[in-house]
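Asks:
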């Protein structure tokens, strides 16, 4: 059966994920070394040690995301994160930067390494580079590939593949996007926070709720209109061709209906996005996919509750998995 | 009709906040730089609101929210209670427009994450205030909470 990899932004969410049936939980330290560096989120060193002990006691694994790119003057912060995660008993490290990966491979040769989605390794040659040079065992594939492309990559790669099945959907080349950096001066890829809340403003106006980021208006939602995250890639803009979503609608990825295809493609693990979400999200989404996987294994039909209430914009998409464009 | 006096409610709720803080002294550590922020909480279906501070823990019941708060959060009472207990996801409530946030979004996010990690059980916290009457107080609160949350239309998500 494919593994279910679940998000946790807090120790309580980690416990919820275990209770709901996660095979593994991914999380990060409460600093700039992970790509969900939001206020009040993530794990101290002590919390990580305790979280790993709890997970191991319940038969689950913990993968630690150290998946931002170090600043030239502060590489030590990332190296320390690697050492501390290994010493805490992490089952794998999820890394993006080749320098950090090289450090981890040399310093901790027995540690299992995964290639983060932030590395944007989207073809067999790129994946082979990580596997051959650093012994990476798994790659988290970017959300820009169709299911046949995933099957081809998996067939040609020595690495296991892991793909996202639910949650926020980056439409840009991951780890390369500078939209939020341009608007706020803070980089999702180096400081670990896309659309930092310190730069987000919600304003109630006569026309509805206006959201802006770093002084740029992103969207205006009428009173009953579903909303999305205040990210520039999902903003509604006025252009010469008219007003609308020019990059991507505010929607969440939901690949529940594609699980059979992903299994047949040889995918090893399914990942749920959302370390920034609450326990209610983690519990419901993990349970949903646990049931869906059980139904897939048994070949039975199952009536699974909709995840629509959790989706951005109250809408879902199959994203690039079922690509009708190129 | 004269509005109900707010001081008894303030007494009980401030007691609950103090108790939560005593039982989980690290609860507001996740607020970090926002530990001294003043949050205005407005249940849209009630004629009063709350001003909450974390450090030191303080709660005031007011007829309307004052100026000068760091952030304002408004939603139905049912959704606010469910958020407090981690039964609903805050982002999902924002997407469905059932939660409105104004002011310092970073402080609100830190507060949300601190509360979500605390795994609060309001029935337990409230009943512990009532000594020997704790059990009936708990049952009364759970019945009231069931009625309030049951009418919120969020059953699908909170299951």
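Chains as they are written, first to last, in the numbering used here: chain Y, 31 to 356; chain X, 951 to 1109.
A virtual CB, placed ideally from N, CA and C, is assigned to each residue, including glycine.
For clarity, every value in this text was computed on a predicted model and none was experimentally measured.
Identify whether residue 353(Y) lies in helix, strand or coil by the three-state DSSP scheme.
Replies: Residue 353(Y): coil per DSSP, three-state reduction.
Asks: Output needed for residue 47(Y): all residues of its chain with C-beta closer than 6 angstroms, excluding positions within five of it in sequence on either side, in chain order.
Replies: Once the five neighbours on either side are set aside, the close Cβ partners of residue 47(Y) are 36, 38, 55, 312, 316.
Asks: Would you call residue 277(Y) buried or exposed, if buried means 16 or more other Cβ atoms sit within 10 Å of its Cβ?
Replies: By the neighbour-count rule (16 or more Cβ atoms within 10 Å), residue 277(Y) is not buried but exposed.
Asks: How many whole angstroms separate the CB atoms of residue 1003(X) and residue 69(Y), which I take to be in contact at a CB cut-off of 8 angstroms?
Replies: At roughly 17 angstroms, the Cβ-Cβ gap does not stay under 8 angstroms, so residue 1003(X) and residue 69(Y) are not in contact.
Asks: Going along the chain, which residues of its own chain have a beta-carbon closer than 7 angstroms to the beta-carbon of residue 251(Y), five neighbours each way excluded?
Replies: 238, 239, 257.
Asks: In the DSSP assignment, the alpha helix (DSSP H) including residue 178(Y) goes from what residue to what residue?
Replies: Segment 177-186, the alpha helix (DSSP H) holding residue 178(Y).
Asks: Would you mind stating whether residue 128(Y) and residue 93(Y) have Cβ atoms separated by less than 9 angstroms?
Replies: No, these two residues do not count as a Cβ contact at 9 angstroms.
Asks: Beta-carbon separation of residue 991(X) and residue 956(X) under 9 angstroms?
Replies: In this structure, residue 956(X) does not lie closer than 9 angstroms to residue 991(X) by Cβ.
Asks: Out of 310(Y), 153(Y), 242(Y), 145(Y), state which residue places its alpha-carbon closest to the alpha-carbon of residue 99(Y).
Replies: Selected option, being the one with the closest Cα: 145(Y).
Asks: List the residues of chain Y that residue 1000(X) touches, going by C-beta distances under 7 angstroms, in chain order.
Replies: The premise fails here: residue 1000(X) is roughly 19 angstroms from chain Y at the closest Cβ pair, so nothing lies under 7 angstroms.
Asks: Ignoring anything shorter than 4 residues or poking outside the region 978-1003 of chain X, list the alpha helix (DSSP H) runs there in chain order.
Replies: Runs found: none.
Asks: Buried or exposed for residue 994(X), please, with buried defined as at least 16 other CB atoms from any protein chain shown within 10 angstroms of its CB.
Replies: Per the 10 Å Cβ criterion, exposed.
Asks: Which residue's Cα is closest to the Cα of residue 1010(X): 963(X), 1061(X), 1071(X)?
Replies: Nearest option by C-alpha distance: 963(X).
Asks: Taking any Cβ of chain X, which residues in the region 303-335 of chain Y have a Cβ under 8 angstroms from it, in chain order?
Replies: Going along the region 303-335 of chain Y in chain order, one finds 306, 307, 308, 309, 310, 311, 314, 335 with a Cβ nearer than 8 angstroms to chain X.
Asks: Where do the N-terminal and C-terminal ends of the beta strand (DSSP E) with residue 45(Y) fall, by residue?
Replies: Premise fails: residue 45(Y) lies in the alpha helix (DSSP H), 41-50, not in any beta strand (DSSP E).
Asks: Please name the residue in 96(Y), 347(Y), 298(Y) whose C-alpha comes closest to that of residue 280(Y).
Replies: Of the listed residues, the one whose Cα sits closest to residue 280(Y) is 347(Y).
Asks: So, with DSSP's three-state summary, where would you put residue 285(Y)?
Replies: Looking at residue 285(Y) - three-state DSSP - the assignment turns out to be coil, as it is neither helix nor strand.
Asks: How should residue 111(Y) be labelled, buried or exposed, when 16 other C-beta atoms within 10 angstroms of its C-beta is the threshold for buried?
Replies: Classification of residue 111(Y): buried, given that the 10 Å Cβ count is 16 or more.
Asks: Which same chain residues, not among the five before or five after residue 40(Y), have their C-beta less than 6 angstroms away from its C-beta?
Replies: The answer is none, since no qualifying residue turns up.
Asks: Applying the 10 Å Cβ sphere with the 16-neighbour rule, what's the burial state of residue 43(Y)?
Replies: It is buried - the Cβ of residue 43(Y) has at least 16 other Cβ atoms within 10 Å.
Asks: Using a C-beta to C-beta distance shorter than 7 angstroms, which residues of chain X count as neighbours of residue 342(Y)?
Replies: Chain X residues near residue 342(Y): 1045.
Asks: Look at residue 977(X) and residue 1068(X) and say whether their C-beta atoms are less than 9 angstroms apart.
Replies: It is a contact, given that the beta carbons lie within the stated cut-off.
Asks: Mind checking whether residue 285(Y) and residue 262(Y) have CB atoms under 9 angstroms apart?
Replies: It is not a contact, given that the beta carbons lie outside the stated cut-off.
Asks: Within its chain, find whatever has a CB closer than 6 angstroms to the CB of residue 174(Y); leave out the 5 residues flanking it on each side and keep chain order.
Replies: Counting only Cβ-Cβ distances below 6 angstroms, and skipping sequence neighbours, we find 350.
Asks: So, with DSSP's three-state summary, where would you put residue 261(Y)?
Replies: The answer is coil: DSSP assigns residue 261(Y) none of H, G, I, E or B.
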